[in-house]
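Have a look at the structure below before the remarks.
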Amino acid sequence: MRKRVELIEKIEGEAEVSYTYEGDRTVDAQIRFLSGRGIESILTGRPPLDALAITPRVCGICGHAHLIATVRALEACYPELRISPKAEAVRELTLTLELLQNHFKWLYLTIWPLLFPRESVTMKAVEPSRIAAEAIALLAGQYPHNSYAIPGGIVGEITPLERLGVADRLERLWEIFRREIADVQMQAFLRCDRIEELQRKEGDFPRILREILDRGWERLGCSHDRFIAFGSNGLFVSGKSLATRITHSLDLRHLREEPVEGSLALHVLYRGKVYETGPLARAMLRKTPLIREAHRRWGDSLPTRIMARVCEIPHLLQYAMQLTRDLDMDAPAWIDPGPLPAQAQGTGIVEAARGSLIHTVEVREGKIAEYRIVTPTQWNLGSGPADRPGVAQKALIGLHRDDQAELIFKSFDVCSVCTTH
Amino acid sequence: MDRRDALAKMFSAKGVRVDTNRGEAYYKRLRETMERRLSELRNAPAATKMDIHKVLEAEGLSRRDFMKWASAITAMLMLPAPFTPLVAEAAELMNRVPVIWIELQDCAGNSEAILRSDAPTIDELILETIDLEFNETLMAAAGHQAESHLDEAMETFKGKYLCVVEGSVPVGAGKEWCTIGAKGETFEEHLQRVAGSAAAVVAVGTCATFGGVPAAAPNPTGAVGVQDIVKGKPIINIPACPANPANITGTILHFVLTGQIPELDHLNRPKFAFGYRIHDNCERRAHFDAGEFVEEWGDEGAQNNWCLYKMGCKGPMTFNNCSIVRYNSGTNWPIGAGHGCIGCSEPQFWDKYAQERPMADTEFKAPTGGVEKSVDQFGLGLLTAAGIGIAVHAAISATAGKKDEE
Ligand code: SF4
Numbered sequence: 001m002r003k004r005v006e007l008i009e010k011i012e013g014e015a016e017v018s019y020t021y022e023g024d025r026t027v028d029a030q031i032r033f034l035s036g037r038g039i040e041s042i043l044t045g046r047p048p049l050d051a052l053a054i055t056p057r058v059c060g061i062c063g064h065a066h067l068i069a070t071v072r073a074l075e076a077c078y079p080e081l082r083i084s085p086k087a088e089a090v091r092e093l094t095l096t097l098e099l100l101q102n103h104f105k106w107l108y109l110t111i112w113p114l115l116f117p118r119e120s121v122t123m124k125a126v127e128p129s130r131i132a133a134e135a136i137a138l139l140a141g142q143y144p145h146n147s148y149a150i151p152g153g154i155v156g157e158i159t160p161l162e163r164l165g166v167a168d169r170l171e172r173l174w175e176i177f178r179r180e181i182a183d184v185q186m187q188a189f190l191r192c193d194r195i196e197e198l199q200r201k202e203g204d205f206p207r208i209l210r211e212i213l214d215r216g217w218e219r220l221g222c223s224h225d226r227f228i229a230f231g232s233n234g235l236f237v238s239g240k241s242l243a244t245r246i247t248h249s250l251d252l253r254h255l256r257e258e259p260v261e262g263s264l265a266l267h268v269l270y271r272g273k274v275y276e277t278g279p280l281a282r283a284m285l286r287k288t289p290l291i292r293e294a295h296r297r298w299g300d301s302l303p304t305r306i307m308a309r310v311c312e313i314p315h316l317l318q319y320a321m322q323l324t325r326d327l328d329m330d331a332p333a334w335i336d337p338g339p340l341p342a343q344a345q346g347t348g349i350v351e352a353a354r355g356s357l358i359h360t361v362e363v364r365e366g367k368i369a370e371y372r373i374v375t376p377t378q379w380n381l382g383s384g385p386a387d388r389p390g391v392a393q394k395a396l397i398g399l400h401r402d403d404q405a406e407l408i409f410k411s412f413d414v415c416s417v418c419t420t421h
Numbered sequence: 001m002d003r004r005d006a007l008a009k010m011f012s013a014k015g016v017r018v019d020t021n022r023g024e025a026y027y028k029r030l031r032e033t034m035e036r037r038l039s040e041l042r043n044a045p046a047a048t049k050m051d052i053h054k055v056l057e058a059e060g061l062s063r064r065d066f067m068k069w070a071s072a073i074t075a076m077l078m079l080p081a082p083f084t085p086l087v088a089e090a091a092e093l094m095n096r097v098p099v100i101w102i103e104l105q106d107c108a109g110n111s112e113a114i115l116r117s118d119a120p121t122i123d124e125l126i127l128e129t130i131d132l133e134f135n136e137t138l139m140a141a142a143g144h145q146a147e148s149h150l151d152e153a154m155e156t157f158k159g160k161y162l163c164v165v166e167g168s169v170p171v172g173a174g175k176e177w178c179t180i181g182a183k184g185e186t187f188e189e190h191l192q193r194v195a196g197s198a199a200a201v202v203a204v205g206t207c208a209t210f211g212g213v214p215a216a217a218p219n220p221t222g223a224v225g226v227q228d229i230v231k232g233k234p235i236i237n238i239p240a241c242p243a244n245p246a247n248i249t250g251t252i253l254h255f256v257l258t259g260q261i262p263e264l265d266h267l268n269r270p271k272f273a274f275g276y277r278i279h280d281n282c283e284r285r286a287h288f289d290a291g292e293f294v295e296e297w298g299d300e301g302a303q304n305n306w307c308l309y310k311m312g313c314k315g316p317m318t319f320n321n322c323s324i325v326r327y328n329s330g331t332n333w334p335i336g337a338g339h340g341c342i343g344c345s346e347p348q349f350w351d352k353y354a355q356e357r358p359m360a361d362t363e364f365k366a367p368t369g370g371v372e373k374s375v376d377q378f379g380l381g382l383l384t385a386a387g388i389g390i391a392v393h394a395a396i397s398a399t400a401g402k403k404d405e406e
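Below is the structure:
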């Protein structure tokens with residue numbers, strides 16, 4: 001039996017995978033996260049609203065999702081609370097923009113270099129991510145790390161000029177998608193279920209797909225075929241599924257976190273089972289035609305997973321465009337929710353770029369008594385014992401080439417700073 | 001100290017004032033230093049083959065765009081306009097100065113901010129021409145490969161490279177738990193090793209400078225800043241959460257231009273960036289002066305962009321140039337979106353300032369020693385008697401102005 005330890009470098013922190021081989025095939029892969037900051041214990045004992053400035057700083061990559069999760073958790077502490085449709089829409093908008101910029105960056109900084117190492121495409125990641133960040137900054141002040149959302153709504157007014165600025169940037173993001181990723185028509189693409197059609201188009205994504213198929217890797221990276229998404233909004237639906245069999249009811253009481261020996265990240269289970277979260281799970285639950293077709297052909301494999309994330313971009317863009325168009329400018333930005341109850345518990349759920357993010361706050365005597373954060377990477381890269389492997393672990397078993405393993409691992413997208421928090 | 005004096009002191013705290021005109025002799029000397037340095041660099045071998053103009057050309061940016069950017073940076077570095085060609089040349093020679101970027105205990109937010117830094121040209125500058133020898137977030141190479149690349153870069157550029165550090169250093173109980181790199185070094189060992197052979201160390205972001213959010217009470221990992229660990233090296237602190245990319249670029253450019261570190265304040269922050277008080281350059285300042293405050297979110301004041309002091313703005317306690325440079329290519333900044341400043345470039349902001357409460361409601365004292373309380377009363381006073389308030393303020397401005405001329 002041979003062992004090999006691979007350090008997954010610092011795309012957003014550091015993780016370590018140690019592979020065990022039998023012959024030339026992996027039989028186990030243990031994933032460890034080696035550093036953490038103890039954010040949950042930092043939050044304990046603080047006035048609840050202070051979490052608004054602390055949690056975005058859990059992560060520089062998806063910190064906005066943390067802010068929204070915190071706001072929602074705090075709002076859930078009120079027996080009854082109303083926020084205006086405008087505030088809700090603006091929060092959705094900034095959140096969606098964060099997903100967008102993460103997707104572009106992941107494609108060009110993480111996936112592309114593994115398939116085409118000799119072609120530098122950094123600028124293709126930088127341009128859209130700058131534009132998306134500018135749009136967030138217009139509404140929220142700056143990106144990363146802002147605190148513009150508060151229980152009851154958002155702090156500032158949105159002017160028509162800012163709305164125009166956002167609309168313009170969404171158009172530019174769509175132009176970049178068409179110019180670089182796939183030259184498709186939006187409406188036709190959203191309905192499209194024919195992979196061949198997409199494969200024939202100009203653009204980097206069809207090229208990636210052809211490359212994976214040419215290498216004969218279309219069945220690699222299959223995992224448990226179990227999906228979960230806790231968040232729902234105008235675009236996503238919550239629920240879980242085993243392959244295509246969907247159940248919509250979820251109960252957070254079945255969520256359990258388990259320590260992993262030698263790692264600072266906790267493994268997370270729903271009713272004792274591991275689930276994949278993220279773009280593929282969301283696509284399966286909302287039955288995106290193209291992704292369902294890819295899943296039918298290749299299962300929950302590498303190309304399906306990559307396709308799910310890339311093809312979420314047009315859906316997100318359309319959603320964001322619609323939110324911007326329909327923004328009720330006359331609605332109030334903030335509705336006074338009154339003081340936060342001194343004893344309460346609340347949960348905030350957000351669909352972040354990599355999947356479901358859950359914050360739970362427990363308030364006692366006006367202070368945070370307990371704060372719990374469950375991140376998407378805990379689902380996807382959680383590490384179980386060899387006989388009960390996590391999602392990425394299972395996908396890594398049975399491989400016999402290192403380059404395949406790295407690509408499959410990164411197709412889940414590690415965010416270790418979030419994971420250990 | 002009576003209240004007026006205290007206020008005057010607060011609004012004109014010396015030491016941190018920006019001195020923008022230092023006389024001809026000073027600039028003449030500076031110009032000579034820079035010219036000498038640039039000619040040395042011109043003759044030095046390039047650390048990378050990237051040519052800035054090729055990069056710009058490839059991105060469809062003209063010489064004019066480049067010069068426009070250079071003149072903005074010149075102003076930011078507090079240099080007179082005739083220095084623009086020198087700054088432009090320094091940018092062209094940036095590939096002669098190697099930069100090694102390491103990430104410790106952080107959230108990757110600063111690299112994140114840099115990825116979408118300033119004006120269209122800067123991304124290219126940072127990513128392609130500056131020789132980012134080893135940025136752990138940007139580098140696509142895998143762990144072991146990256147590690148040997150780091151060793152090689154450190155050896156080749158020994159004593160010449162700038163070591164840029166993002167993230168704090170955990171030194172508390174269980175620090176051996178946090179390791180980095182293929183060698184399994186602790187963060188402290190890693191930092192000591194890379195900083196050891198650097199020409200200077202640039203701590204980027206509030207985590208690297210002062211410990212940041214990881215150091216927030218009860219500081220579970222015993223996080224501290226780079227300056228608490230690295231001794232005997234010039235250290236430049238560029239705090240803020242995230243640090244403004246413009247200030248990072250500015251600092252690196254200054255190093256390229258002069259071979260020296262820029263003038264620093266008492267917290268080792270470059271004065272060109274941290275010599276400004278948020279409050280003094282805030283677009284809402286007129287409302288502060290007029291006693292017009294947002295009293296609750298969504299009220300008339302919030303709709304009309306009034307002062308956020310009573311909603312917990314820490315602008316009066318915070319030194320940084322965000323109100324001038326702004327974030328995300330100058331798109332906006334927190335106060336622009338209607339949220340008060342949380343003082344993220346100040347030591348211990350994570351415990352003192354990062355909340356919605358105005359200072360008077362917290363158990364902390366402002367660094368100016370209790371003046372804060374009177375400012376607060378001052379604010380309240382204004383509200384009930386705006387007229388008197390304005391008069392008081394006018395008097396203060398006059399005093400502050402005089403101090404400036406001394
Ligand atoms: S918003 Fe803040 S920084 Fe601006 S004037 Fe008011 S107190 Fe000063």
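Top to bottom, those sequences are chains E and Z. Residue numbering for the first sequence follows the numbering used here, beginning at 1 and increasing consecutively. Residue numbering for the second sequence follows the numbering used here, beginning at 1 and increasing consecutively. Ideal Cβ placement from N, Cα and C applies to all residues, glycine included.
Legend entry - For valine 310 of chain E, three-class secondary structure by DSSP: Looking up residue 310 of chain E in the first sequence gives position 310. Helix.
Legend entry - Reference glycine 156 of chain E, options E:Ser263, E:Ala331, E:Ile39 and E:Gly203, closest by Cα: Along the first sequence, read from residue 1 onward, the residue named residue 156 of chain E stands at position 156. Of the listed residues, the one whose Cα sits closest to glycine 156 of chain E is E:Ala331.
Inset, instruction - Confirm, please, whether the CB-CB distance from glutamine 355 of chain Z to arginine 37 of chain E is below 8 Å. - result: Along the first sequence, one-based indexing puts residue 37 of chain E at 37. Along the second sequence, one-based indexing puts residue 355 of chain Z at 355. Going by beta carbons, arginine 37 of chain E and glutamine 355 of chain Z fall outside the 8 Å limit.
Legend entry - Proximal residues of chain Z, C-beta to C-beta of proline 47 of chain E below 8 Å: Start at 1 with the first residue of the first sequence, and residue 47 of chain E comes out as number 47. By Cβ distance, chain Z contributes Gln355 and Arg357.
Legend entry - beta strand (DSSP E) segment containing glutamine 30 of chain E, residue limits: Residue 30 of chain E sits at position 30 when you count from the first residue of the first sequence. 25–33 is the extent of the beta strand (DSSP E) around glutamine 30 of chain E.
Inset, instruction - Would you mind reading off the limits of the alpha helix (DSSP H) that contains arginine 29 of chain Z? - result: Working through the second sequence from its first residue, we reach residue 29 of chain Z at position 29. Its alpha helix (DSSP H) spans residues 24–43.
Legend entry - Spatial distance of lysine 352 of chain Z from glycine 45 of chain E (CA atoms): Reading the second sequence from its first residue, position 352 is the one you call residue 352 of chain Z. Reading the first sequence from its first residue, position 45 is the one you call residue 45 of chain E. In a straight line, the C-alpha of lysine 352 of chain Z is about 14 Å away from that of glycine 45 of chain E.
Legend entry - Residues proximal to ligand 2 by C-beta, any heavy atom closer than 6 Å: Among the ligands modelled here, namely ligand 1, ligand 2 does not occur.
Inset, instruction - For valine 226 of chain Z, count neighbouring Cβ atoms within 10 angstroms of its own Cβ and tell me buried if that reaches 16, exposed if not. - result: Taking the first residue of the second sequence as 1, we reach residue 226 of chain Z at position 226. Per the 10 Å Cβ criterion, buried.
Legend entry - N-terminal and C-terminal residue of the beta strand (DSSP E) that histidine 295 of chain E is part of: As a first step, residue 295 of chain E must be located in the first sequence, where it is residue number 295. Run containing histidine 295 of chain E: none in the beta strand (DSSP E); it sits in the alpha helix (DSSP H), 289–298.
Legend entry - Integer-rounded CB distance, given that asparagine 247 of chain Z should sit under 8 Å from proline 270 of chain Z: Position 270 of the second sequence, counted from the first residue, corresponds to residue 270 of chain Z. Position 247 of the second sequence, counted from the first residue, corresponds to residue 247 of chain Z. Yes, they are in contact, since the Cβ atoms of proline 270 of chain Z and asparagine 247 of chain Z sit about 7 Å apart, within 8 Å.
Inset, instruction - Whole angstroms is fine: what's the gap from proline 80 of chain Z's alpha carbon to histidine 339 of chain Z's? - result: As a position in the second sequence, residue 80 of chain Z is number 80, starting the count at 1. As a position in the second sequence, residue 339 of chain Z is number 339, starting the count at 1. Rounded to whole angstroms, proline 80 of chain Z to histidine 339 of chain Z spans 34 Å at the Cα level.
Inset, instruction - Taking 8 Å as the threshold, find out whether the stretch 317–330 of chain E comes into contact with the stretch 259–267 of chain E through three or more Cβ pairs. - result: no
Legend entry - Residues from the stretch 229–241 of chain E in contact with chain Z, defined by Cβ distance under 9 Å: Going along the stretch 229–241 of chain E in chain order, one finds no residue with a Cβ nearer than 9 Å to chain Z.
Legend entry - Status (buried if at least 16 other CB within 10 Å, exposed otherwise) for threonine 159 of chain E: Translated into positions along the first sequence, residue 159 of chain E becomes position 159. Under this definition threonine 159 of chain E is an exposed residue.
Legend entry - Same chain, Cβ closer than 7 Å to glutamine 393 of chain E, five either side skipped, listed in chain order: As a first step, residue 393 of chain E is located in the first sequence; it is residue number 393 there, counting from the start. Closer than 7 Å at the Cβ level, and outside the excluded window around glutamine 393 of chain E, lie Ala29, Ile31, Ser383 and Gly384.
Legend entry - Option nearest glutamine 348 of chain Z by Cα separation, candidates Z:Ala240, Z:Val202 and Z:Ile100: Here residue 348 of chain Z refers to the residue found at position 348 when the second sequence is read from its first residue. When each option's Cα is compared against that of glutamine 348 of chain Z, the closest is Z:Ala240.
Inset, instruction - Have a look at tyrosine 148 of chain E and arginine 194 of chain E and give me their C-alpha separation to the nearest angstrom. - result: For the purposes of this step, residue 148 of chain E is taken as the residue at position 148 of the first sequence. For the purposes of this step, residue 194 of chain E is taken as the residue at position 194 of the first sequence. Their Cα atoms are separated by approximately 41 Å.
Inset, instruction - Note down, in chain order, every chain Z residue with its Cβ under 8 Å from the Cβ of asparagine 146 of chain E. - result: On the first sequence, position 146 is the one that residue 146 of chain E refers to. Listed along the chain, the chain Z residues whose CB falls inside 8 Å of the CB of asparagine 146 of chain E are Pro334, Ala337 and His339.
Legend entry - Where the beta strand (DSSP E) through glutamate 16 of chain E begins and ends: Within the first sequence, residue 16 of chain E is the residue found at index 16, counting from 1. Residues 15–22.
Legend entry - Coil, strand or helix - isoleucine 324 of chain Z by DSSP: Translated into the one-based positions of the second sequence, residue 324 of chain Z becomes position 324. Of the three classes helix, strand and coil, the one that applies to isoleucine 324 of chain Z here is helix, per DSSP.
Legend entry - Distance between tryptophan 106 of chain E and glutamine 142 of chain E (C-alpha atoms, nearest Å): Here residue 142 of chain E corresponds to residue number 142 of the first sequence, with the count starting at 1. Here residue 106 of chain E corresponds to residue number 106 of the first sequence, with the count starting at 1. When rounded, the distance between both Cα atoms is 21 Å.
Legend entry - Rounded C-alpha distance that separates glutamate 40 of chain Z from alanine 90 of chain Z: By 1-based counting over the second sequence, the position of residue 40 of chain Z is 40. By 1-based counting over the second sequence, the position of residue 90 of chain Z is 90. Rounded to the nearest angstrom, the two C-alpha atoms are 11 Å apart.
Inset, instruction - Just grab the DSSP bridge partners of threonine 186 of chain Z for me. - result: Numbered from 1 along the second sequence, position 186 holds the residue referred to as residue 186 of chain Z. Z:Thr179.
Legend entry - Same chain only: Cβ atoms within 8 Å of alanine 89 of chain E, ignoring 5 sequence neighbours per side: Looking up residue 89 of chain E in the first sequence gives position 89. The answer, listed in chain order, is Leu323, Asp326, Leu327 and Asp328.
Inset, instruction - Using the Cα positions of alanine 281 of chain E and alanine 229 of chain E, report the straight-line distance between them to the nearest angstrom. - result: For the purposes of this step, residue 281 of chain E is taken as the residue at position 281 of the first sequence. For the purposes of this step, residue 229 of chain E is taken as the residue at position 229 of the first sequence. Our two residues, alanine 281 of chain E and alanine 229 of chain E, have alpha carbons roughly 6 Å apart in a direct line.
Inset, instruction - For cysteine 307 of chain Z, decide whether its Cβ has a neighbour in chain E, counting only Cβ atoms nearer than 8 Å. - result: Working through the second sequence from its first residue, we reach residue 307 of chain Z at position 307. Any Cβ of chain E closer than 8 Å to the Cβ of cysteine 307 of chain Z would place that residue at the interface, and such an atom is absent.
Legend entry - Test: glutamate 32 of chain Z CB closer than 8 Å to a CB of chain E: Residue 32 of chain Z sits at position 32 when you count from the first residue of the second sequence. So, not an interface residue.
Inset, instruction - Give a yes or no on whether the C-beta atoms belonging to phenylalanine 272 of chain Z and leucine 30 of chain Z are separated by under 8 Å. - result: The residue given as residue 272 of chain Z occupies position 272 in the second sequence. The residue given as residue 30 of chain Z occupies position 30 in the second sequence. Against a cut-off of 8 Å, the Cβ pair of leucine 30 of chain Z and phenylalanine 272 of chain Z comes out as no contact.
Legend entry - Own chain, CB closer than 6 Å to arginine 72 of chain E, minus 5 neighbours either side, in chain order: In the first sequence, the residue the question calls residue 72 of chain E occupies position 72. Contacts found: Gly348.
Legend entry - Contiguous beta strand (DSSP E) assignments of at least 3 residues, all confined to the stretch 305–351 of chain E: none
Inset, instruction - Would you mind telling me which residues of chain E sit closer than 8 Å to tyrosine 327 of chain Z, beta carbon to beta carbon, in chain order? - result: Numbered from 1 along the second sequence, position 327 holds the residue referred to as residue 327 of chain Z. In chain order, Ala137, Gly141, Gln142 and Tyr143 make up the part of chain E whose C-beta sits under 8 Å from the C-beta of tyrosine 327 of chain Z.
Legend entry - Short Cβ contact (8 Å threshold) for serine 249 of chain E with leucine 285 of chain E: Along the first sequence, read from residue 1 onward, the residue named residue 249 of chain E stands at position 249. Along the first sequence, read from residue 1 onward, the residue named residue 285 of chain E stands at position 285. No, Cβ-Cβ distance for serine 249 of chain E and leucine 285 of chain E is not below 8 Å.
Inset, instruction - Below 8 Å on the Cβ atoms is my guess for asparagine 219 of chain Z versus glycine 172 of chain Z; work out the distance and round it to an integer in Å. - result: Taking the first residue of the second sequence as 1, we reach residue 219 of chain Z at position 219. Taking the first residue of the second sequence as 1, we reach residue 172 of chain Z at position 172. The pair is a contact, with the Cβ atoms about 7 Å apart (cut-off 8 Å).
Legend entry - Rounded straight-line distance, which links the Cα of lysine 314 of chain Z to that of phenylalanine 104 of chain E: Mapped onto the first sequence, residue 104 of chain E falls at position 104. Mapped onto the second sequence, residue 314 of chain Z falls at position 314. Phenylalanine 104 of chain E and lysine 314 of chain Z: Cα-Cα distance of roughly 35 Å.
Inset, instruction - Tell me, please, whether the CB atom of isoleucine 238 of chain Z is closer than 8 Å to any CB atom in chain E? - result: Start at 1 with the first residue of the second sequence, and residue 238 of chain Z comes out as number 238. For isoleucine 238 of chain Z, the answer is no, since every Cβ of chain E falls outside 8 Å of its Cβ.
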